[in-house]
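No gaps in the numbering here: position 138 of the sequence shown is 134 in our numbering, and each next residue is one more.
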Amino acid sequence: MQRTTKKTVLVVGGGHAGVEAALAAERVGCNVVLVTMNKHTVGRMSCNPSIGGLAKGQMVREVDALGGIMGLAADKTGTQFKILNKSKGRAVWSPRAQVDKMMYEKYIQTKIGSQKNIQLLEAEVVSPIIKQDRCVGVALSNNESISCSAVVLTNGTFLNGVLHIGDKKIPAGRMGETRSQGITESLSNYGLKHGRLKTGTPPRLNGNSINWDRMVSLRGDKNPSPFSHYHSSFNPPNAPSYSVNTNKNVHNIILENLDKSPMFSGDINGIGPRYCPSVEDKVHRFKNRDSHRLICEPEWGGADQIYLNGFSTSMPEDIQRKALQQIEGLENVSLIKPGYAIEYDYFFPNQLKSTLETKSFSSLFLAGQINGTSGYEEAAIQGLVAGANAALLCLNKKPLCLSRSEAYGGVLIDDLITKSTQEPYRMFTSRAENRLVLRFTNANKRLSLKAHNAELINKKQHQILNKQSSEVSKLIEACNITVDKNTANQVLIKANETTIHQNTKLKEIIKRPKVKLISFVPKKIKEPAVQKPYIKETALEADTEIKYKGYVNRINKQTEAVINNEKKKIETDLDYSKVTGLSSEAWEKLQTIKPENMGQAMRISGVSLSDLAVLSIYINKKARVSRET
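Structure (structure tokens):
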């Protein structure tokens, strides 16, 4: 059976990447077919019951500024919200929310189902169909095919997935879900290179078997901030999670049974994430530690299924239970689901363009864990970019590209395509050299115009984002007023700052590290545009802009200079064997990755400054010859 639809983007996979890809492609103006093996798992949070976190929260805000759904869904289904890293500089403040996984999944599915231009199809894709170096459709396991204008693959951990629990090996994409077969083999036959990675998940505990009184209750912020820029009211519940620690008895049980862990026995060949090690790895590597912190996080209302954050493991189930029952409050715990490790295929992301389209074939895009990343948020931003670009390509419009200087999503994609990855990639604030500029509070300012130009947001949404940015500007301008010394000193004393002896411009007072602009709003500043619900965030962003103006201006100048140099285009079909003077390593890396510009070339490991100089001279000479002829 052959299905054909004009200007259709076909998305494979219904996880976070697939959902954002489908919705983005539809917003841009294409029909979408979202193919999933199980329509009831679309939008499922397969691991932790949280959205956001360090650097991840910034990406959720970016997804929201680009018209995506993740922030909206988290706000509607969140049970606890908190800004992390508040003891550090504001550049690394990151929002995080615990969410009700069932409600989140339902919210996503309702949204997908309400889009008239998105068709949800339950089927298994076994291969993309390539004709004349262009992807023109997909083949299904039932021998049917679907023609389309572009394909986005977002297969997550399902590509030849294998679960490991002790010596048990279970072919699966997730616990209880069938793995996907055929895509790896077909793409490999087409010449794309792939590898093997692993990740893990902790056991799910029966909340009714836990003695909560023996644990420490943890709650979120009293006055939480939403992820989405579009929520006019926000009053989520502040449901608790609970903290508990491992101990020597737990560690001894794990160390005595290390030979039963597939990671240590050699049964798992895939490389795991170093930033999220298994509990057996932590105990083995840090033998001097008496304990490790664990967090009991309810996966949905009623607290009947608990995610044990920090106890990722692939030990046999009986060993998991034995170790857990040595922990305070878990003496009688029962497991709903054991922890497990999962191995899966991924494709080296240096085979992609900055649009996430493959370099080998037009109209074929890859997003999410298939690119070697880990995390809901990393998947979401990739899915949005890939889906948008698939649709923009179909409609012959300018692609959406995020640079390192304007978004964490840009850092992520640039790292993937220039450095590739040999382990599951996770975003950190330390990866963003312009993190002082890439704050969670200014995602609207950074990305609203780009989102509007790509038609990812409508006119009304664009106006909302612009209004929020203008409110910050108005508030900064309002800070030019002079404050009498008595009023100012009241705030300065409370902030433990040196008092002043004369009336002073408010901007100068705000530059003090411990002084907060919110202390003067709206008591002293009668700015009508600054009203709830954005007064807190508006004041925070204005405060930050004032405090860091000098630093930000310097960074912007440096960034502008770098961008001007980086923008120098490199032909993707350039034959690097003709570039005399390149080192053998540089030649090999450049020939493999085929950077789109000098900026990407600069970030390829193994390409030295002298190699870059040689390449730049060659490109300039070639351009000059081209102009003269």
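Positions of the beta carbon are idealized from the N, C-alpha and C atoms, including for glycine.
Predicted model only: the values in this text are computed from it and were never measured.
Spatially closest choice to residue i from the options, by CA coordinates
i, options, result
"H190", "V134, K256, Y340", "Y340"
"S401", "S358, S612, V15, N560", "N560"
"E327", "Y342, K97, N207, D300", "N207"
"L611", "Q459, P591, I250, N245", "P591"
"T478", "I496, N234, M66, L149", "I496"
"F77", "V121, V29, P222", "P222"
"T174", "N34, C144, P198", "N34"
"E493", "T500, A484, N499", "A484"
"I108", "W89, G10, L159", "G10"
"G298", "D314, N231, L201, I377", "L201"
"M423", "K446, T414, S370", "S370"
"S350", "T568, N113, L68, A20", "T568"
"K585", "E293, G25, S601, K218", "S601"
"S330", "L348, P199, K501, I589", "P199"
"R86", "G63, Y572, A538, Q316", "A538"
"Q177", "T195, N219, S137", "S137"
"V122", "Q115, N185, K82", "N185"
"V517", "K532, Y336, E120, T425", "K532"
"M171", "N454, A382, L159, S229", "L159"
"V147", "C131, N139, I161, E140", "C131"
Residue i Cβ short of 6 Å to the ligand PLP heavy atom set
i, result
"N385", "The ligand PLP is not among the ligands present in this structure, which contains no ligands whatsoever."
Backbone secondary structure at residue i - three-state DSSP
i, result
"E419", "coil"
"G74", "strand"
"S42", "coil"
"V526", "With a pLDDT of only 48 at V526, under the threshold of 50, the placement of this residue in the model should not be trusted, and no figure is reported."
"H160", "strand"
"F344", "coil"
"G63", "coil"
"C26", "coil"
"Y547", "helix"
"E541", "helix"
"V5", "strand"
"R57", "helix"
"G325", "coil"
"V603", "coil"
"L127", "Residue 127 is actually Lys in this sequence, not Leu. Here K127 sits in strand by DSSP."
"V575", "coil"
"T242", "coil"
"V95", "strand"
"F664", "For residue 664 there is no data in the structure shown, the boundaries of the chain being -3 and 625."
"P258", "helix"
Sub-7 Å separation of residue i and residue j beta-carbons
i, j, result
"K564", "M594", "yes"
"V95", "P167", "no"
"P345", "L398", "no"
"V279", "T309", "no"
"K507", "A491", "no"
"Q105", "G39", "yes"
"G379", "G152", "no"
"G25", "L391", "yes"
"I65", "L19", "yes"
"N438", "Q464", "no"
"L193", "P420", "yes"
"I126", "F343", "no"
"I377", "G405", "yes"
"L68", "S224", "yes"
Buried or exposed by the 16-neighbour rule on C-beta atoms within 10 Å, applied to residue i
i, result
"T0", "The predicted model places T0 with a pLDDT of 42, which falls under 50 and marks its position as unreliable; any figure quoted below should be read in that light. Exposed: under 16 other Cβ atoms inside 10 Å."
"R92", "buried"
"Y103", "buried"
"P258", "buried"
"S622", "exposed"
"D607", "buried"
"Y547", "exposed"
"S444", "buried"
"D71", "buried"
"E373", "buried"
"C144", "buried"
"Q418", "exposed"
"A13", "buried"
"V8", "buried"
"N616", "exposed"
Beta carbon proximity, residue i to chain C, threshold 7 Å
i, result
"V59", "Considering every chain present, this structure includes no chain C. It has just one protein chain."
Just checking, does the segment 234 to 243 make contact with the segment 281 to 294 on the three C-beta pairs under 8 Å criterion? Segments in contact, yes.
Examine the Cβ distances between the segment 49 to 58 and the segment 96 to 113 and report whether three or more of them are shorter than 8 Å. No, they do not touch.
Counting pairs of beta carbons, one from the segment 425 to 444 and one from the segment 382 to 393, are three or more of them closer than 8 Å? Three or more beta-carbon pairs separated by less than 8 Å are not found between the segment 425 to 444 and the segment 382 to 393, which leaves the two stretches without contact.
May I ask you to verify whether the segment 229 to 239 touches the segment 210 to 217, counting CB pairs closer than 8 Å and requiring at least 3? Segments in contact, yes.
Does the segment 301 to 320 come close enough to the segment 141 to 155 that 3 or more CB-CB pairs lie under 8 Å? The segment 141 to 155, when compared against the segment 301 to 320, does not touch it at the 8 Å Cβ threshold.
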